[in-house]
Amino acid sequence: MPPGAFDEALRHHQAGRLDRAEIIYQRVLNKNPDHAGGLHLLGVIHFQRGEPARTIELIGRAIELEPKNGNFRHNFANALGALGRRAEAEAQYRAAIGLDENHVDAHGALGMLLLEAGRLDAAEPHLRQAHRLRPLSEITCNNLGILLCRRDALEDAEAKFREALQLNSGFAPAHANLGSVLRSRGALDGAEEHCRLALARDARLAEAHFVLAQVHEGRERYDEAERAYRTAIALKPDCADWYNDLAKLLVDLRRLDEAWPLFDQTLRMRPDHPEAHSNRAIARLLTGDHLEGWTEYEWRWKLKKRPGRLDDFAQPVWNGEDISGRTLLIHAEQGFGDTIQFCRLVPLLCSGARVVLEAQRAVAPLLKDLPGVDEIVPRGDPLPHFDVHCPLLSLSRFLGLSLTEVPGQVPYLAADPARVEAWRKRLRTIGGFRVGLVWSGSPTMADDRRRSIPPDLLSGLAAIPGVSFVSLQKRAAGQMIVAPAGLALHDFTDELNDFADTAALIANLDLTISVDTAVIHVAGALGRPVWLLNRFNGCWRWLLDRDDSPWYPTLRQFRQPCPGDWSSVVAEIAQALELAQNGIESLAMSAAE
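Residue 33 is where the sequence shown starts when you use my numbering, and the numbers rise one by one after that.
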């Protein structure tokens, strides 16, 4: 073998001429089978071609010859990781670092391996060390940005991705990751721009297709979102999260038969995937399968963003065992509407325990006479002694109620008589058919943009004679309220200090019309006529293909026929309102006794 053959192969390898480099490496090894460098770099070529098993064989032999070579161990670990042998890969990365504490590639690769496993605390020192050792690398900047994203330090993450792009404006992964940060902040234009820049440089970058799918979904471009999700999965079929996200989209599109296999695929890959379990539970509840749905919904406590408190108490969680003679704390979770909807379950417990119900401060006055509750505590006030605790929505699982057994007696809440009388006097000058109106929810709710109606779409209701509209549209902190143009609204919302006030006002109205907010639940719990303006992909509680609700017998639904189509809903409401206020059509599908 001519001298310098290995160096010649290395030059070809570095220039990307893999076939030529392979031939020369093989010649070197034919002459000297124990040439550790040749074994190592031939193994690297096989790794670059997507053949990690062959890589392990070749570099394994190189390590036997030179066990103290950190580069060999680093590339050996890369191949192990590609085969899913993560524990062995971690050990080899650590061995490489043990041989050279400044092995920047091993620090970076180990950090990303730990990050992908969800071990953020273990990953962070390695990713920061890689960045310290190589601060002018777009790769170390990008990887540190990914860690910061997982830490929800989005501003710092964005800065790192932009730093990576300053170092290399064509680095596709940083464009995709910056797009993801911008999407999470609602900056969809910027997110799409960076995703497309990423794909212009690497059309096979699965992560860019995935973020673009999320952008399309956020803009309700569902066909494009589905295509982008499917492209991402085809390019990277080992990402369990993406099957779950596509399944969730299909549930929103009411294509549940296609969603179930995708949830199953996610859970085959990661049986403990909390988002997939929680989303599948929601889908089960949407179909009316309460027995299975509520059982699986307990996975919500494994989510990164939990819906309430579970581990905040020293006392144990109640799991349905006998607690006669003890004190049970039931604590509200999620939104106001959930508390009002599910408080009806407390009287059904018959647990023999003393029951303390902690509820949001604005809801607590409305629940003061709820049967089966010994004490109501507004959230934030000191709690009395209790022995066990339970989240409110978990009562559904313990009671084992099917959909046909819900909701029990309605009305199950009552407006305070003194407040009702006070509002009766306030409204005495308002004649005609009195209709309460809500057109938007709190902007902090994830799907608020989809559930809320542009107010001017309701302007056409002003033409209906004999109707007096009363605003029930409360303003969230920092929220600007714009009333429907041309619609004469009687607005007393500044005097609504809690939901007991809202209930008393609703008790004086002929009808309440609202998008999917807590006002719907107040009117339904009181047994008052209520119309729900429902988005196409409405909440699970409103079920599929129904214009009534088993939860609230006095409720009638008006659903979007397709995503985003509020005009059809408002037109249907206007026609029904004309008939109802003339006594031609009943206000709800059935009237409460």
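Idealized CB from N, CA, C, for every residue including glycine. Model, not experiment: these values are computed from the prediction.
The criterion of a C-beta distance shorter than 8 angstroms is not satisfied by A447 and A385. Taking the Cα positions, I362 is about 31 angstroms away from V283.
The three-state secondary structure of F568, taken from DSSP, is coil. According to the DSSP secondary-structure assignment, E390 is paired through a beta bridge with H363 and V409.
Note that the C-beta distance between E252 and L281 is not below 8 angstroms.
Beyond the five residues adjoining it in sequence on each side, L490 comes within less than 8 angstroms, by CB distance, of L469, W471, P516, L519 and V602 in the same chain, given in chain order. Straight through space, the alpha carbons of A189 and S426 are spaced by roughly 37 angstroms. Ranked by how close their Cα comes to the Cα of H78, the residues L186, I55 and L214 have I55 in first place. In the structure shown, W350 adopts coil according to DSSP, grouped into three states. In this structure the stretch 196-204 touches the stretch 164-182; the number of beta carbon pairs closer than 8 angstroms is three or more. For L469, there is no enclosing alpha helix (DSSP H); the enclosing beta strand (DSSP E) covers residues F465 to V470.
Contact check for Q613 against G498 passes: the beta carbons are separated by less than 8 angstroms. Setting aside the 5 residues that flank it on each side, L575 is surrounded in the same chain by L318 and G320, each with a C-beta closer than 7 angstroms to its C-beta; the list follows chain order. CA-to-CA, the gap between L541 and T436 works out to about 30 angstroms. In this structure the stretch 103-112 lies against the stretch 125-137, because at least three pairs of beta carbons, one per stretch, are closer than 8 angstroms. Annotation: G143 to R81 spans about 24 angstroms, alpha carbon to alpha carbon. Contact between the stretch 576-586 and the stretch 453-469 is absent: fewer than 3 CB-CB pairs across the two stretches fall below 8 angstroms.
The continuous alpha helix (DSSP H) containing Q46 extends over residues A37 to Q46.
The beta carbon of A308 is closer than 6 angstroms to those of N276, F295, T298 and L299 in its chain, skipping five residues each way along the sequence. Boundaries for S201: no alpha helix (DSSP H) harbours it, and the DSSP string shows neither H nor E there.
The stretch 560-572 and the stretch 418-433 do not touch, with fewer than three beta-carbon pairs separated by less than 8 angstroms. Counting along the chain, S310 sits inside the alpha helix (DSSP H) bounded by residues P306 to L318. It is roughly 7 angstroms from the alpha-carbon of L147 to the alpha-carbon of L179. A238 and D184 have their C-alpha atoms some 22 angstroms from each other.
D370 counts as buried, since at least 16 other C-beta atoms from the protein chains shown sit within 10 angstroms of its C-beta.
Counting along the chain, I545 sits inside the beta strand (DSSP E) bounded by residues L543 to V547. The DSSP-derived three-state label of V60 is helix. In this model, E224 and A230 are separated by some 10 angstroms (Cα to Cα). DSSP places P582 outside any alpha helix (DSSP H), giving it a letter other than H or E.
Burial is judged here by how many other beta carbons sit within 10 angstroms of a residue's own beta carbon; Q46 has fewer than 16 and is exposed.
The Cβ atoms of V213 and C227 do not sit closer than 8 angstroms to each other. For R567, same chain residues with a beta-carbon under 6 angstroms away, outside a window of 5 residues either side, are R482, R483 and Q592 in chain order. Assignment of Q589 by DSSP, reduced to helix, strand and coil, places it in the strand class.
Counting along the chain, the unbroken alpha helix (DSSP H) around V136 starts and ends at V136 to E148. For S500, the enclosing beta strand (DSSP E) stretches over residues V499 to S503.
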